[in-house]
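Q:
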Amino acid sequence: MVKVLSFRFLKMEWRGILCLGFLVGLFLLSEITAAAAVLVENDKQALLDFVNKLPHLHPLNWDANSPICKNWTGVTCSEDGSRVIALRLPGVGFNGPIPNNTLSRLTALQILSLRSNGINGTFPMDFINLKNLSYLYLHYNSFSGPLPIDFSVWKNLTSLNLSHNRFNGTIPSSISGLSHLSSLNLANNSFSGNIPDLHLPNLQLLNLSNNNLIGKVPKSLQRFPKNVFIGNDMSLLDYTVSNSPVVVSLPEQPIPKSKNDRKLSERALLGIIVASSVIGILGFCFLLVVCCFRRKKEDGLFPGKMEKGDMSPEKAISRSQDANNRLVFFEGCNYAFDLEDLLRASAEVLGKGTFGMAYKAILEDATTVVVKRLKDVGAGKKEFEQQMEVVGSIKHENVVELRAYYYSKDEKLTVSDYFSEGSVAAMLHGKRGDNRIPLNWETRLRIAIGAARGIARIHAENGGKLVHGNVKSSNIFLNSKRYGCVSDVGLSSIMSSLAHPVARAAGFRAPEITDTRKATQPSDVYSYGVLLLELLTGKSPVHTTNGDEIIHLVRWVHSVVREEWTAEVFDLELLRYPNIEEEMVEMLQIAMSCVVRMADQRPKMSEVVKMIENVRPTGLENQFSSEGRTENSTPRAATPVPETQSDTQ
Numbered sequence: 001m002v003k004v005l006s007f008r009f010l011k012m013e014w015r016g017i018l019c020l021g022f023l024v025g026l027f028l029l030s031e032i033t034a035a036a037a038v039l040v041e042n043d044k045q046a047l048l049d050f051v052n053k054l055p056h057l058h059p060l061n062w063d064a065n066s067p068i069c070k071n072w073t074g075v076t077c078s079e080d081g082s083r084v085i086a087l088r089l090p091g092v093g094f095n096g097p098i099p100n101n102t103l104s105r106l107t108a109l110q111i112l113s114l115r116s117n118g119i120n121g122t123f124p125m126d127f128i129n130l131k132n133l134s135y136l137y138l139h140y141n142s143f144s145g146p147l148p149i150d151f152s153v154w155k156n157l158t159s160l161n162l163s164h165n166r167f168n169g170t171i172p173s174s175i176s177g178l179s180h181l182s183s184l185n186l187a188n189n190s191f192s193g194n195i196p197d198l199h200l201p202n203l204q205l206l207n208l209s210n211n212n213l214i215g216k217v218p219k220s221l222q223r224f225p226k227n228v229f230i231g232n233d234m235s236l237l238d239y240t241v242s243n244s245p246v247v248v249s250l251p252e253q254p255i256p257k258s259k260n261d262r263k264l265s266e267r268a269l270l271g272i273i274v275a276s277s278v279i280g281i282l283g284f285c286f287l288l289v290v291c292c293f294r295r296k297k298e299d300g301l302f303p304g305k306m307e308k309g310d311m312s313p314e315k316a317i318s319r320s321q322d323a324n325n326r327l328v329f330f331e332g333c334n335y336a337f338d339l340e341d342l343l344r345a346s347a348e349v350l351g352k353g354t355f356g357m358a359y360k361a362i363l364e365d366a367t368t369v370v371v372k373r374l375k376d377v378g379a380g381k382k383e384f385e386q387q388m389e390v391v392g393s394i395k396h397e398n399v400v401e402l403r404a405y406y407y408s409k410d411e412k413l414t415v416s417d418y419f420s421e422g423s424v425a426a427m428l429h430g431k432r433g434d435n436r437i438p439l440n441w442e443t444r445l446r447i448a449i450g451a452a453r454g455i456a457r458i459h460a461e462n463g464g465k466l467v468h469g470n471v472k473s474s475n476i477f478l479n480s481k482r483y484g485c486v487s488d489v490g491l492s493s494i495m496s497s498l499a500h501p502v503a504r505a506a507g508f509r510a511p512e513i514t515d516t517r518k519a520t521q522p523s524d525v526y527s528y529g530v531l532l533l534e535l536l537t538g539k540s541p542v543h544t545t546n547g548d549e550i551i552h553l554v555r556w557v558h559s560v561v562r563e564e565w566t567a568e569v570f571d572l573e574l575l576r577y578p579n580i581e582e583e584m585v586e587m588l589q590i591a592m593s594c595v596v597r598m599a600d601q602r603p604k605m606s607e608v609v610k611m612i613e614n615v616r617p618t619g620l621e622n623q624f625s626s627e628g629r630t631e632n633s634t635p636r637a638a639t640p641v642p643e644t645q646s647d648t649q
């Protein structure tokens with residue numbers, strides 16, 4: 001009986017201990033969570049103090065009431081959300097010295113990138129508190145003065161780039177204590193004195209060019225090529241790269257030759273000739289393959305993310321960028337990256353358009369943008385920038401916003417938002433099969449009304465003179481509300497003339513346009529009419545039949561319309577939806593009024609907007625924005641096109 005009681009007592013005691021342990025665990029967890037919340041709030045306040053005290057051109061979406069780890073541009077937190085571990089704010093337009101006791105409070109910071117700004121003043125001495133720094137990028141700013149004497153406080157530093165500033169004084173020998181350092185760039189400053197003996201076994205990238213350094217290159221750095229020291233005292237270049245192979249030439253010895261030796265040598269010579277021929281043929285084939293591969297690779301600006309051993313970002317930029325040619329952002333853009341980020345970004349080709357190649361670029365902070373590398377730009381720098389400023393000022397939900405542009409002698413780029421669903425052309429003309437999700441009629445109506453409103457807004461810009469010039473389904477996307485959204489605005493006027501046969505074969509250009517630089521608002525209306533026909537028929541502007549006969553969509557529709565209004569015109573995928581026949585016919589009439597041959601007989605885009613809004617006066621129309629439509633507008637029916645106006649393109 002005593003044993004039973006003692007057993008029960010022990011059992012109850014263990015239960016108590018377990019419950020107590022559970023409660024203590026909950027208490028400690030709550031304390032840890034509360035402590036983490038306090039830490040991240042402290043980091044948040046430090047960043048707010050930093051951005052409020054340092055003037056900047058481009059606004060940041062740093063709202064004190066929003067979560068710092070999810071919504072703030074350029075900020076990355078630890079996995080548990082307790083600390084800020086990375087801050088990337090290149091190209092924001094900061095101007096002035098870094099305020100004291102701001103960034104230095106981010107004691108868990110591992111990555112700090114403030115490159116390509118206008119920050120001046122001396123190196124922030126309170127950065128001594130950032131003992132966890134692994135990557136520090138302050139290049140392309142206006143820092144001045146000497147560097148800190150003791151770099152050993154940043155023992156985890158892996159990459160240090162202070163190039164293109166005005167730092168002076170000597171290079172601190174304490175850098176030699178950074179055992180993890182793999183990249184050091186101090187180029188284009190005013191450093192003077194001797195180069196310290198930097199024993200850095202992990203150093204792979206070094207650039208000390210264009211300073212005032214003197215003396216001799218220490219043995220520890222003679223493994224690097226001489227171009228990393230160019231632009232200093234020429235005596236620095238007086239050394240032999242230590243890892244170069246040593247070539248030893250042996251004296252020639254006269255060898256007596258016998259007849260047998262001669263016969264053997266003739267056979268050997270014949271073998272060498274045959275082997276050389278085979279190797280030569282194989283080498284030529286290999287060279288052709290390499291050339292083809294390189295040509296294919298060079299077609300894109302972004303072949304992929306740069307790996308170790310590839311050209312450094314600084315060298316890549318120097319080929320097409322000088323100090324004054326930087327990525328130009330428009331007001332209201334919250335992106336925090338620069339040209340260097342784009343060059344280093346992981347990217348893939350989206351497609352080749354009329355005016356250049358488009359790329360999907362994924363930046364290091366997971367921002368995804370579309371970069372278009374423009375080809376055959378005929379405009380000069382001033383005209384190009386003026387056109388970009390006009391386009392960049394358009395803020396409308398149905399126009400894809402131009403975020404930034406870049407202009408240099410060799411490269412012209414535009415940057416805009418990425419739409420994950422792809423273009424309307426891909427949605428309409430992609431692979432059709434069992435797994436394909438067809439575009440229903442309401443979505444096509446939304447695409448039509450959104451694109452119409454976008455083009456109408458474009459036509460209202462620049463005193464009512466702006467022209468899109470390249471309206472087609474591959475330049476139309478779906479916005480967040482799933483309405484049509486127009487991209488590639490205003491590029492035609494700054495391009496060289498497109499070849500006449502190519503322009504005519506495109507199928508979406510108005511017949512009067514023989515020079516793509518001279519596109520007009522009526523020609524935009526024509527192209528929009530072709531878009532409507534694509535939405536209605538599901539066919540491309542130019543397509544082939546089973547007999548390889550080339551069919552122009554506008555011609556084909558006209559030929560059907562001449563006979564009668566028939567269901568043969570409409571996409572078979574639309575015939576499954578009930579009670580939409582009248583709406584489709586009305587849309588077809590609007591499309592036909594847009595593609596009449598005579599430009600002065602086409603409606604204006606503002607009128608087209610009203611026509612389409614009246615296709616469905618209730619239901620979906622209640623969801624349409626009221627923009628562009630008068631309060632008391634009355635239905636206006638489009639008129640079928642007479643046969644005499646049929647397109648003969």
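Residue 1 is where the sequence shown starts when you use the UniProt record's numbering, and the numbers rise one by one after that.
Think of the CB as a built atom: it goes at the ideal place given N, C-alpha and C, for glycine as much as any other residue.
With H, G and I counted as helix, E and B as strand and the rest as coil, what does DSSP make of L532?
A: Working through the sequence shown from its first residue, we reach residue 532 at position 532. Helix, per DSSP.
Q: Using 10 angstroms around the beta-carbon of G215, count the other beta-carbons present and answer buried if the total reaches 16, otherwise exposed.
A: On the sequence shown, residue 215 is found 215 positions in, with the first residue counted as 1. G215 should be labelled exposed.
Q: For E383, which residues in the same chain have their Cβ closer than 7 Å to its Cβ, ignoring the five residues on either side in sequence?
A: Residue mapping note: residue 383 aligns to position 383 of the sequence shown, counting from 1. Taken in chain order, the residues that qualify are I494.
Q: Quick one: is I111 buried, meaning 16 or more other Cβ sit within 10 Å of its Cβ, or exposed?
A: The sequence position of residue 111 within the sequence shown is 111, counting from 1. Answer is buried; the Cβ neighbour count reaches 16.
Q: In this structure, does DSSP put V40 in helix, strand or coil?
A: Counting from 1 along the sequence shown, the entry for residue 40 is found at position 40. Three-state DSSP puts V40 in a helix.
Q: Name the two residues that bound the continuous alpha helix (DSSP H) containing S348.
A: In the sequence shown, residue 348 corresponds to position 348, counting from 1. The displayed chain sequence assigns Glu, not Ser, to residue 348. Careful: E348 lies outside any alpha helix (DSSP H), inside the beta strand (DSSP E) at 346-353.
Q: By Cβ distance below 6 Å, which residues in the same chain neighbour R446 in space, the five residues on each side in sequence not counted?
A: As a position in the sequence shown, residue 446 is number 446, starting the count at 1. Correct list, in chain order: R482, Y483.
Q: With DSSP collapsed to three states, give me the class of K76.
A: Here the question's residue 76 lines up with position 76 in the sequence shown. The displayed chain sequence assigns Thr, not Lys, to residue 76. It is a strand residue.
Q: Which residues does DSSP list as the beta-bridge partners of R166?
A: Here residue 166 refers to the residue found at position 166 of the sequence shown. Answer is S144.
Q: Can you confirm whether the stretch 600-615 touches the stretch 455-470 when touching is taken to mean that 3 or more C-beta pairs between the two stretches lie within less than 8 Å?
A: Result yes; three or more Cβ-Cβ pairs closer than 8 Å.
Q: Please report the straight-line C-alpha distance between T76 and C69, rounded to a whole angstrom.
A: In the sequence shown, the residue the question calls residue 76 occupies position 76. In the sequence shown, the residue the question calls residue 69 occupies position 69. One C-alpha to the other measures close to 6 Å.
Q: Could you pull the start and end residues of the alpha helix (DSSP H) that M357 belongs to?
A: Locating residue 357 in the sequence shown gives position 357, counting from the first residue. Note, M357: premise wrong, no alpha helix (DSSP H); beta strand (DSSP E) at 356-362.
Q: Express the C-alpha separation of L531 and A452 in angstroms, rounding to a whole number.
A: In the sequence shown, residue 452 corresponds to position 452, counting from 1. In the sequence shown, residue 531 corresponds to position 531, counting from 1. If I take the Cα positions, the gap works out to 10 Å.
Q: What separation, rounded to the nearest whole angstrom, lies between the Cα atoms of V391 and P67?
A: Start at 1 with the first residue of the sequence shown, and residue 391 comes out as number 391. Start at 1 with the first residue of the sequence shown, and residue 67 comes out as number 67. Between V391 and P67, the C-alpha separation is close to 33 Å.
Q: Does L136 have its Cβ less than 8 Å from a Cβ in chain D?
A: You won't find chain D in this structure, because it holds only one protein chain.
Q: Measuring alpha carbon to alpha carbon, tell me which residue in S134, S346, L535 is nearest A426.
A: Position 426 of the sequence shown, counted from the start, is the residue given in the question as residue 426. Among S134, S346, L535, the Cα nearest to that of A426 belongs to L535.
Q: Please give the ranges of any beta strand (DSSP E) in the stretch 466-517, keeping only runs that are unbroken, at least 3 residues long and fully inside the region.
A: The stretch 466-517 contains these whole beta strand (DSSP E) runs: 476-478, 484-486.
Q: Rank L184, N210, K219 by C-alpha distance to the C-alpha of N227 and give the top, closest one.
A: Locating residue 227 in the sequence shown gives position 227, where the first residue counts as 1. Taking only the C-alpha atoms, the option nearest N227 is N210.
Q: Rounded to the nearest angstrom, what separates S176 and L221 at their Cα positions?
A: As a working note, residue 176 is residue 176 in the sequence shown. As a working note, residue 221 is residue 221 in the sequence shown. Near 11 Å, if we compare the C-alpha coordinates of L221 and S176.
Q: Any idea what DSSP makes of V615, helix, strand or coil?
A: Locating residue 615 in the sequence shown gives position 615, where the first residue counts as 1. Residue state, collapsed to three classes: coil.
Q: Tell me whether the beta-carbon of L533 lies closer than 8 Å to the beta-carbon of A591.
A: Numbered from its first residue, the sequence shown carries residue 533 at position 533. Numbered from its first residue, the sequence shown carries residue 591 at position 591. Yes; because the gap between Cβ atoms is below 8 Å, this pair is in contact.
Q: Pick from N141, F570, G93: whose alpha carbon is nearest that of L588?
A: Along the sequence shown, one-based indexing puts residue 588 at 588. Of the listed residues, the one whose Cα sits closest to L588 is F570.
Q: Give me whichever residues DSSP pairs with N212 in a beta bridge.
A: In the sequence shown, counting from the first residue as 1, residue 212 sits at position 212. N212 pairs with S192.
Q: Counting beta carbon pairs with one atom in the stretch 512-530 and one in the stretch 408-425, are three or more of them shorter than 8 Å?
A: Output reads no: the stretch 512-530 does not touch the stretch 408-425.
Q: Take the Cβ of R223 as the centre, count every other Cβ of all protein chains shown within 10 Å, and call the residue buried at 16 or more, exposed below.
A: For the purposes of this step, residue 223 is taken as residue 223 along the sequence shown, with counting starting at 1. So R223 ends up on the exposed side.
Q: Determine the closest residue to D63 out of Q45, L57, E79, K53, with distance taken between C-alpha atoms.
A: On the sequence shown, residue 63 is found 63 positions in, with the first residue counted as 1. For the residues Q45, L57, E79, K53, the minimum Cα distance to D63 belongs to Q45.
Q: Helix or strand or just coil, what does DSSP make of Q329?
A: What you label residue 329 is simply residue 329 of the sequence shown in a count that begins at 1. Per the sequence shown, residue 329 should be read as Phe rather than Gln. F329: strand per DSSP, three-state reduction.
Q: Using the C-alpha atoms, what's the distance from L54 back to L138?
A: Counting from one through the sequence shown, the residue named residue 138 turns up at place 138. Counting from one through the sequence shown, the residue named residue 54 turns up at place 54. In a straight line, the C-alpha of L138 is about 16 Å away from that of L54.
Q: Could you tell me the alpha carbon to alpha carbon distance between Y577 and R444, rounded to whole angstroms?
A: Translated into positions along the sequence shown, residue 577 becomes position 577. Translated into positions along the sequence shown, residue 444 becomes position 444. Rounded to whole angstroms, Y577 to R444 spans 13 Å at the Cα level.
Q: L89 and L109 look like a contact to me (Cβ under 8 Å); what is the Cβ gap, rounded to whole Å?
A: Within the sequence shown, numbered from 1, the residue matching residue 89 stands at position 89. Within the sequence shown, numbered from 1, the residue matching residue 109 stands at position 109. With a Cβ gap of about 12 Å, L89 and L109 do not count as contacting.
Q: Taking its Cβ as the centre, do 16 or more other Cβ atoms sit within 10 Å of E340, making it buried, or is it exposed?
A: Residue numbering aside, residue 340 sits at position 340 when the sequence shown is read from its first letter. Per the 10 Å Cβ criterion, buried.
Q: So, under 8 Å CB-CB, V595 and G529 are touching, yes? Tell me the CB distance rounded to an integer number of Å.
A: The residue you call residue 595 lines up with position 595 of the sequence shown. The residue you call residue 529 lines up with position 529 of the sequence shown. Contact flag correct, Cβ pair sits at about 4 Å.
Q: With DSSP collapsed to three states, give me the class of R319.
A: Taking the sequence shown and counting its residues from 1, one reaches residue 319 at position 319. Residue confidence is low: R319 scores 38 on pLDDT, short of 50, so the model does not pin down where it sits. No coordinate-derived value is stated.
Q: Pick helix, strand or coil for E266, following the three-state DSSP scheme.
A: Mapped onto the sequence shown, residue 266 falls at position 266. Residue placement at E266 is flagged as unreliable, the pLDDT there being 47, under the threshold of 50; a coordinate-derived value is accordingly withheld.
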